[in-house]
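Enquirer: Right, I'll just put the structure down here and ask away after.
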Amino acid sequence: MSKTIRLDHSFFIRDVLDVAPELPGKILQFRSNNEVKSYLITEVEAYRGEEDKACHASKGRTARTEIMYHKGGHIYVYLIYGMYWMLNFVTAEEGNPQAVLIRGLENLPGPGKLTKSLGIDKSFYGEDLVSSKRIWVEDHGNSPTISTSARIGIDYAGEPWVSKPWRFYIGKVESFR
DNA sequence: GGCACGATGTGA
DNA sequence: CACATCGTGCCG
Numbered sequence: 050m051s052k053t054i055r056l057d058h059s060f061f062i063r064d065v066l067d068v069a070p071e072l073p074g075k076i077l078q079f080r081s082n083n084e085v086k087s088y089l090i091t092e093v094e095a096y097r098g099e100e101d102k103a104c105h106a107s108k109g110r111t112a113r114t115e116i117m118y119h120k121g122g123h124i125y126v127y128l129i130y131g132m133y134w135m136l137n138f139v140t141a142e143e144g145n146p147q148a149v150l151i152r153g154l155e156n157l158p159g160p161g162k163l164t165k166s167l168g169i170d171k172s173f174y175g176e177d178l179v180s181s182k183r184i185w186v187e188d189h190g191n192s193p194t195i196s197t198s199a200r201i202g203i204d205y206a207g208e209p210w211v212s213k214p215w216r217f218y219i220g221k222v223e224s225f226r
């Protein structure tokens, strides 16, 4: 059987374009009611720093984006459309605001759907994936084929950002979305 | 203080 | 295609 390893700072403190493509295939471990469940990560998107107009950090350092300026491994959560919480993993070194939006888990496609199912809300803002007892990520040795496309719902960002192929997903799953 | 607008999902 | 629903950034 393959060895399972909890991802630590050596994984998250890298450029988001190195981290994001490696997340589909990894396992999100989530504790609820004192029971830990495993979820295969199937789809993510990279948001890369203040220059990336689609990244919330393009507005600069604010109360909302503060956690993105911390070192990789923390969780960034925010509310969209007044009803959906979005789950993000902060990447890169301190002072470099980058994050990966978790867009889909196996059997839970959709960034708003997965947080609703798991019960993830603002209370997870700032949580540390490296030391948390209720949410973390493991490498179970999967290495799926990754497909890419432009990011979803960021038309307002304009070129070149709207065209960057920074959405990464397991192709097989994409076929029926 | 007030206002416009989303890194979405659902249902018609 | 319409729309629910509210925190956040920005303007004043």
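Numbering (the numbering used here), first residue to last: 50 to 226. Virtual Cβ for every residue (Gly too), placed ideally from N, Cα, C. As the structure is a prediction and not an experimental result, all values here were calculated from the model.
Does the Cβ of N191 have 16 or more other Cβ atoms within 10 Å, making it buried, or fewer, making it exposed?
Expert: Classification for N191: exposed.
Enquirer: In whole angstroms, what separates the C-alpha of R63 from that of H105?
Expert: Their Cα atoms are separated by approximately 19 Å.
Enquirer: Does K41 pass the burial test, meaning 16 or more other C-beta atoms within 10 Å, or should it be called exposed?
Expert: Nothing in the structure corresponds to residue 41, since the chain is present only between 50 and 226.
Enquirer: Taking all protein chains shown into account, do 16 or more other C-beta atoms lie within 10 angstroms of the C-beta of R235, making it buried, or fewer, making it exposed?
Expert: Any question about residue 235 goes unanswered here, given that the chain covers just 50 to 226.
Enquirer: Could you tell me the distance, in whole angstroms, from the CA atom of A141 to the CA atom of M135?
Expert: Each residue's alpha carbon lies about 19 Å from the other.
Enquirer: Between the alpha carbons of I129 and Y174, how many angstroms are there, rounded?
Expert: Whole-angstrom Cα-Cα distance: 14 Å.
Enquirer: Within 10 Å of its beta-carbon, does E143 have 16 or more other beta-carbons around it, so buried, or fewer, so exposed?
Expert: Exposed, because fewer than 16 other Cβ atoms sit within 10 Å of the Cβ of E143.
Enquirer: State the DSSP-derived secondary structure class of W210, mapped to helix, strand or coil.
Expert: Residue state, collapsed to three classes: helix.
Enquirer: So what does DSSP say about H58, is it helix, strand or coil?
Expert: Looking at H58 - three-state DSSP - the assignment turns out to be helix.
Enquirer: From R200 to S181, what distance separates their C-alpha atoms?
Expert: Whole-angstrom Cα-Cα distance: 29 Å.
Enquirer: How about the region 82-99 and the region 151-167: do they share at least three Cβ pairs that are nearer than 8 Å?
Expert: At 8 Å Cβ cutoff, the stretches touch.
Enquirer: Between H58 and V179, is the Cβ-Cβ spacing less than 8 Å?
Expert: Their beta carbons are under 8 Å apart, which means H58 touches V179 by this criterion.
Enquirer: So, do the region 108-119 and the region 60-80 have three or more beta carbon pairs nearer to each other than 8 Å?
Expert: Not touching, per the Cβ criterion.
Enquirer: What's the C-alpha gap between F138 and H119?
Expert: F138 and H119: Cα-Cα distance of roughly 11 Å.
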